[in-house]
Structures are given as C-alpha cells and as structure tokens.
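*Asks:* The structure's right below; bear with me while I get my questions together.
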Amino acid sequence: MVKLIDSTDRQLLKALQENAQIANVDLAKRINLSPSATHTRRKRLENEGIILSYETTIDRQALGYDLLCFIYIAMNAHQRDDITQFQHNVTRLPEVLECHHVTGEYDYILKVVLKNTNDLKYFIVEHLSSLPSVTRIQTTVSYGEVKQTTALPL
Numbered sequence: 004m005v006k007l008i009d010s011t012d013r014q015l016l017k018a019l020q021e022n023a024q025i026a027n028v029d030l031a032k033r034i035n036l037s038p039s040a041t042h043t044r045r046k047r048l049e050n051e052g053i054i055l056s057y058e059t060t061i062d063r064q065a066l067g068y069d070l071l072c073f074i075y076i077a078m079n080a081h082q083r084d085d086i087t088q089f090q091h092n093v094t095r096l097p098e099v100l101e102c103h104h105v106t107g108e109y110d111y112i113l114k115v116v117l118k119n120t121n122d123l124k125y126f127i128v129e130h131l132s133s134l135p136s137v138t139r140i141q142t143t144v145s146y147g148e149v150k151q152t153t154a155l156p157l
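Per the working numbering, numbering through the sequence shown is continuous, rising by one, with the last residue being 157.
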C-alpha cells in the first residue's frame with residue numbers, strides 16, 4: 004500500500020538517506036522545522052514502516068571480501084513448500100547479501116560476497132548444490148561496483 008508523504012517528509016527522508024546519523028537539531032535546521040516537530044515526524048515515519056532501519060555501510064574489501072558474485076539459480080519444483088524451504092535456507096547464509104525471486108530463465112538471483120574463488124567453490128558445492136529442487140546454478144563475478152546505493156529517488 005502506498006503511503007502518502009508531504010514535501011517535508013520527503014526532505015527529511017532525503018536527508019536521512021544521505022546521513023542516517025544526522026543530529027536531530029541539524030536535521031530540523033535542514034528541513035526548516037523545530038527539533039520537536041522533526042522528532043515527531045521521524046518517529047511517525049518509523050511507526051508507519053516507511054523508515055525500516057538505520058544501517059552502517061562497511062567496506063567489504065577492507066575486511067578481505069574481494070569477491071562479489073551474482074548467482075543465478077533455477078529450480079525444478081515450484082510448490083509453496085519448495086519455495087519456502089529454499090528461501091529459509093538461503094536467508095540463513097551470511098554470505099548472501101540479497102536474494103531476489105525473479106521471472107525468466109532463473110528463479111532466483113543471489114548477491115553474494117566471499118573472500119576468494121576457493122570460498123566461492125565451497126559455497127556453491129556445500130550450500131547451494133545440496134539444496135533440494137536446485138537444478139542449475141550460474142555464477143557471474145563482478146569486476147567492480149559502478150553504483151551501489153539503497154537511497155530511493157525522492
């Protein structure tokens with residue numbers, strides 16, 4: 004369901020997307036409201052489920068995760084139980100940053116971060132190939148991220 008927000012909410016969300024740690028006083032100045040009114044709006048946006056969380060972005064390569072891959076998965080069973088089981092298993096894997104259920108030749112696309120190709124081989128053999136209903140796996144290695152953001156166009 005689409006939730007209605009006004010231009011002030013939009014400014015507030017834009018500012019928080021740029022810097023989730025911005026002090027309430029600074030945020031208030033930026034959107035031309037009192038700190039109290041700004042705090043109230045922010046809490047309302049959280050309570051309404053528009054603001055879902057505040058996260059920290061970590062440089063994966065600084066921690067040795069040099070391999071970013073997109074793994075395409077085809078399944079031979081598409082019953083609700085098969086889908087639920089696959090999704091449950093995949094979401095428990097910390098290497099999986101994103102999992103998308105998609106249309107087309109493959110059923111899922113995973114965005115996965117690993118340290119090296121040995122880890123990739125182990126991940127595919129031990130974690131993905133052994134999952135029921137998985138019939139085909141294709142991997143694409145990213146040479147580099149051109150753009151990465153979670154900011155919505157407000």
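Note that beta-carbon positions come from the ideal geometry of N, C-alpha and C, so glycine has one too.
Since we're looking at a predicted model, the values are computed, not measured.
Using the beta-carbon count (16 or more within 10 Å), is Ile61 buried or exposed?
*Replies:* Per the 10 Å Cβ criterion, exposed.
*Asks:* If you follow the beta strand (DSSP E) that Glu21 is in, where does it begin and where does it stop?
*Replies:* Run containing Glu21: none in the beta strand (DSSP E); it sits in the alpha helix (DSSP H), Ser10 to Glu21.
*Asks:* When you compare only the Cα positions, how much space is there between Arg163 and Leu157?
*Replies:* Outside the displayed range of the chain (4 to 157) lies residue 163, so it cannot be described from this structure.
*Asks:* Can you tell me which residues form a DSSP beta bridge with Tyr109?
*Replies:* Per DSSP, none; premise fails for Tyr109.
*Asks:* Out of Pro135, Leu113, His81 and Glu129, which has the shortest C-alpha to C-alpha gap to Val144?
*Replies:* Ranking the options by Cα distance to Val144, first place goes to Leu113.
*Asks:* Start and end of the beta strand (DSSP E) containing Ala77?
*Replies:* Here the beta strand (DSSP E) through Ala77 covers Leu70 to Met78.
*Asks:* When the Cβ atoms of the segment 80-96 are set against those of the segment 129-143, are three or more pairs found closer than 8 Å?
*Replies:* Touching, per the Cβ criterion.
*Asks:* With H, G and I counted as helix, E and B as strand and the rest as coil, what does DSSP make of Arg139?
*Replies:* In the structure shown, Arg139 sits in a strand (DSSP, three-state: E or B).
*Asks:* Would you mind sorting Leu66 into buried or exposed? The rule is 16 or more other CB atoms within 10 Å of its CB.
*Replies:* Exposed is the call here.
*Asks:* Do Ile34 and Leu15 come within 7 Å of each other at the CB atom, strictly closer than that value?
*Replies:* It is a contact, given that the beta carbons lie within the stated cut-off.
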